[in-house]
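Trainee: Below are the structure tokens for one structure; questions will follow.
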Amino acid sequence: MSALQSITSVRSTCPIPLRPAPAWQKKRTTLSGRIPLSHVVPAAPGGYRPKGYVGEVIPFEATAFREGHDLIGVQVRLTAPSGEQSLHRLQNTGTGLDRWRVLIAPLEQGVWTYQFESFGDDYATWQHAAHLKLAADVDVDVMREAGALVLERAVATGKHPAADKARLNAAIATLRSADADTTDALAVVDDAELAAVLFARPVMSLITVDTPRKLLVERQRAGVGSWYEFFPRSEGAKRLADGTIASGTFATAQRRLAEVAAMGFDVVYLPPIHPIGTINRKGPNNTLVAAEGDPGSPWAIGSAAGGHDAIHPDLGTLKDFRAFVSAARKEGIEIAIDLALQAAPDHPWVTEHPEWFTTLPDGTIAYAENPPKKYQDIYPINFDNDPEGIRAEVLRVVRHWIAQGVTIFRVDNPHTKPLQFWEWLIAEVLREDPDIVFLAEAFTRPAPLQALAAAGFQQSYTYFTWRNTKTELAEFLTGLATETADFLRPNLFVNTPDILTEYLQYGGRAAFAIRAIVAATAAPTWGVYAGYELFESVARPGAEENIDSEKYEYKLRDFAAAEAAGDSLAPLLRTLNAIRDVHPALEQLRSFTVHDSEDDAILVYSKHIDAALSPQGKADTIIVVVNVDPHSVRETMVHLDTSVFGIQPGEQFAVVDLLTGAEWTWGDHNYVRLDAFTQPAHILWVKR
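Here it is in structure tokens:
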């Protein structure tokens, strides 16, 4: 069985028959090899492993060159976690920068090894020289014999199939035949099938082998998903006759799961579900005084009812939570819970482990601050006082929730904790449970945000919510797809309980639709916080968050009534997730490409996957054209670089608008008119 028939752990644009790894001729005494290899990707900063997810199309690239004019080849040797090996030939990118590239989609979860190899491609070198010299009738006899010798070396390997060996021998006979003229010899030089044989099994010399490197490939949910956030205490909450509100429970929240699944979301994220402190409990809108019946902030974790391993009594019991997780799983939904490493003043940790907190000179414990915000109801943990004790307790808590069926943890403010703590915790958890996913709520500077991702977080919040113009979005999304894609996976949440941007405050309903369209199509993972579909856009004065924030009170919403009245974005969310489900191009991050438009508010980009890499065995291309100005109607010309999705410049092709069903014939240059109020975008599928 050939290697091409046996490879099951990868899809590749250029697999080649597996050959043994070359043996070192002698120990390398210089930093460079005979044919130097450098600037390889995938790569991650700080010595961390780069990562991908099952089915993700990953570019394997290297810079390689040699002196003079002889031609070279580059290949990458992959070893899957199962031990299966495969070999893939890189193509020169043609940029003149000596850059080589092949696209590979790993299909097996676990730690892979990849190793680049460069070599002199003796047949390609001869072919290039022979084409020039034979056509010019220069050194004809010498070139013919040189070619025959190279082909004899190819035959001598004995590893070619019979048909290929016959082709090689026939070429040798032609080159050495006294009856063959220059035209016959040129036919050998220009024989595309012969060249293909010797591309797959090249005649190599001066082989250079790079250092073996590691790649972590995680399950697909680590990189692809649609998230929906809701507070279980609000789902099923009801106002009583005396005006107070009775909390929802896991049992009432469970009823909403079918509706969330029907919108196409496959992850439900719950803010903290633990007991809430009573000391310094916050009232509505973060006021310092809570009235009777005010539930407080779920992030003020801990009370006499328990801490991080307990369920808030209003929500039910641990058994009720397990039933909720089980019901979600039946709907195809995974449950993510919050991991917020902080404590309310009455958390059991405060009395049992006061050394875990920072004591001020006046003897009080320091509460959390994020100027100008103050959180008197929360004590941050000091990770330097008893690092071993804190590590053991957090690991215990995480494993406790994994045992209840939790598979995803959204980590609150990880950038306010030591990086080495997260590196240790995630590695320790994944050692026993490699399917667990950690999302970093890292709204912070680029350096710590990226370091957290490299250290192990599978996903990260980003600055997406604050990138709104065409220029901002084009630059930002391109950076996510190119500069950090080897280690940082963005989760493009459109809003959070803490974030209601000016774009949403003043953009009207069009703004909500536009942001959802961009988030759902620009990255493989996106999310919304409940209330987004109801266009909740009134902010607390002077703040970038909703007034009457759900962080501090219950929210009574009637989603069904709003949709029945045509006053809901749910139909669009349903459509977006349905599009994502059937188009593998949208499961890819790295294929994002910005195209041109003549209007400063019309953003154009495409996502593409080659047929050889697609799980459907067919190429898939999506073109998104979106008016990012929610207050306008725009008309412009769109200019596409169709070569990035495999269509020749000047060629026309059919497209279907997946939002409306309309069909058009498009080409390199196309007119569009987008009304932000009625149709802010086209999501176009290229028909093949």
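Quick note: the sequence shown, position 333, residue 667 per our numbering, numbers continuous. Using N, Cα and C, we set each Cβ at its ideal position, and we do this for glycine too. Predicted model only: the values in this text are computed from it and were never measured.
Below 8 Å, can you find three or more Cβ-Cβ pairs linking the segment 719–739 to the segment 679–694?
Mentor: Yes, since at least three Cβ pairs between the segment 719–739 and the segment 679–694 fall closer than 8 Å, the two stretches touch.
Trainee: What number of angstroms, rounded off, separates the C-alpha of Gly666 from the C-alpha of Trp633?
Mentor: Using only the alpha carbons, I get a separation of about 28 Å.
Trainee: Reducing DSSP to helix, strand and coil, say where Ala677 ends up.
Mentor: If DSSP states are grouped into helix, strand and coil, Ala677 belongs with the strands.
Trainee: On a Cα-Cα basis, can you pick out the residue from Thr447, Asp515, Ser539, Ala469 that is closest to Asp404?
Mentor: Checked all of Thr447, Asp515, Ser539, Ala469; the closest Cα to Asp404 is Ser539.
Trainee: Just the Cα atoms here: how many angstroms apart are Thr778 and Ser794?
Mentor: Roughly 11 Å between the two C-alpha positions.
Trainee: Just the Cα atoms here: how many angstroms apart are Tyr603 and Arg801?
Mentor: Answer to the nearest angstrom: the Cα atoms are 24 Å apart.
Trainee: To the nearest whole angstrom, what separates the beta carbons of Ala808 and Val928, a pair I think is in contact under 8 Å?
Mentor: So it is a contact: roughly 5 Å between Cβ atoms.
Trainee: Tell me the DSSP secondary structure of Ile913 in three-state form.
Mentor: Correct three-state label for Ile913: helix.
Trainee: Comparing C-alpha positions only, which one of Pro605, Ala488, Asp628 sits nearest to Pro577?
Mentor: The sequence as given places Gly at residue 577; Pro does not occur at that position. Looking at the Cα atoms, Asp628 is the closest of the given residues.
Trainee: Could you tell me the alpha carbon to alpha carbon distance between Tyr713 and Ser581, rounded to whole angstroms?
Mentor: Computed Cα separation, rounded: 25 Å.
Trainee: Closest to Tyr711 by CA distance: which of Asn704, Ser631, Glu932, Ala657 is it?
Mentor: Note that residue 711 corresponds to Asp in the displayed sequence, not to Tyr. Considering only alpha carbons, the answer is Ser631.
Trainee: Compare the beta carbon distance of Glu442 and Val551 with 8 Å and say whether it is the shorter of the two.
Mentor: Contact flag set, yes.
Trainee: Quick one: measure Cβ to Cβ for Leu993 and Thr859, integer angstroms, because I've assumed they're closer than 8 Å.
Mentor: Contact flag wrong, Cβ pair sits at about 21 Å.
Trainee: Tell me the rounded alpha-carbon separation between Asp1023 and Ala895.
Mentor: There is simply no residue 1023 to check, as the chain begins at 335 and stops at 1022 in what is shown.
Trainee: Which residue's Cα is closest to the Cα of Pro356: Phe565, Phe450, Ala482?
Mentor: Ranking Phe565, Phe450, Ala482 by Cα distance to Pro356 puts Phe450 first.
Trainee: Assuming Thr612 contacts Ser637 (C-beta within less than 8 Å), just tell me the rounded distance between them.
Mentor: Rounded, the Cβ-Cβ distance is 6 Å, consistent with contact.
Trainee: With contact counted as at least three CB pairs below 8 Å, one residue from each stretch, are the segment 381–393 and the segment 816–829 in contact?
Mentor: The segment 381–393, when compared against the segment 816–829, does touch it at the 8 Å Cβ threshold.
Trainee: Within 10 angstroms of the Cβ of Lys572, are there 16 or more other Cβ atoms? Answer buried if so, exposed if not.
Mentor: Counting Cβ neighbours within 10 Å, Lys572 comes out exposed, since fewer than 16 surround it.
Trainee: Output needed for Ala624: all residues of its chain with C-beta closer than 8 Å, excluding positions within five of it in sequence on either side, in chain order.
Mentor: Result list for Ala624: Arg615, Lys616, Gly617, Gly630, in chain order.
Trainee: Start and end of the alpha helix (DSSP H) containing Trp1019?
Mentor: Where Trp1019 is concerned, there is no enclosing alpha helix (DSSP H), although the beta strand (DSSP E) it sits in stretches over 1015–1021.
Trainee: Determine, using beta carbons only, whether Tyr888 and Asn619 come nearer to each other than 8 Å.
Mentor: Contact: no.
Trainee: By the DSSP assignment, the alpha helix (DSSP H) with Val862 in it spans what residues?
Mentor: Note, Val862: premise wrong, no alpha helix (DSSP H); beta strand (DSSP E) at 859–863.
Trainee: By DSSP's criteria, Ile645 is part of a beta bridge. Which residues make up the other side?
Mentor: DSSP lists no partner for Ile645.
Trainee: Three or more beta-carbon pairs under 8 Å between the segment 427–436 and the segment 514–530, yes or no?
Mentor: Flag = no, the segment 427–436 and the segment 514–530 do not touch.
Trainee: For His373, count neighbouring Cβ atoms within 10 angstroms of its own Cβ and tell me buried if that reaches 16, exposed if not.
Mentor: His373 comes out exposed.
Trainee: Identify the continuous alpha helix (DSSP H) that holds Leu502 and give its terminal residues.
Mentor: 496–510 is the span of the alpha helix (DSSP H), which, as asked, contains Leu502.
Trainee: Indicate the three-state DSSP secondary structure (helix, strand or coil) for Asn961 in the structure shown.
Mentor: DSSP places Asn961 in strand when its eight states are reduced to three.
Trainee: Give the range of the beta strand (DSSP E) segment to which His462 is assigned.
Mentor: Segment 456–469 is the alpha helix (DSSP H) holding His462; no beta strand (DSSP E) there.
Trainee: If we require 3 or more residues per run, which beta strand (DSSP E) segments fall completely within the segment 518–548?
Mentor: Complete beta strand (DSSP E) runs here, min 3: 538–543.
Trainee: Start and end of the alpha helix (DSSP H) containing Met1024?
Mentor: The displayed coordinates of the chain run from 335 to 1022. Any statement about residue 1024 would go beyond what the structure contains.
Trainee: Alpha carbon to alpha carbon, what distance is there between Ile881 and Pro322?
Mentor: Because the chain spans 335 through 1022 in this model, residue 322 falls outside it and cannot be assessed.
Trainee: Below 8 Å, can you find three or more Cβ-Cβ pairs linking the segment 930–949 to the segment 825–834?
Mentor: Touching, no, given that fewer than three Cβ pairs across the two stretches are closer than 8 Å.
Trainee: Judging by CA-CA distance, which residue of Ile699, Lys952, Glu757 is the nearest neighbour of Gly381?
Mentor: The shortest C-alpha separation from Gly381 is found at Glu757.
Trainee: To the nearest angstrom, report how far apart Leu574 and Ile742 are at their CA atoms.
Mentor: Rounded to the nearest angstrom, the two C-alpha atoms are 35 Å apart.
Trainee: Would you mind reading off the limits of the alpha helix (DSSP H) that contains Ser660?
Mentor: First-last of the alpha helix (DSSP H) with Ser660: 652–664.
Trainee: Rank Gln784, Pro748, Gly790, Val731 by C-alpha distance to the C-alpha of Glu775 and give the top, closest one.
Mentor: Checking every option, the nearest Cα to that of Glu775 belongs to Pro748.
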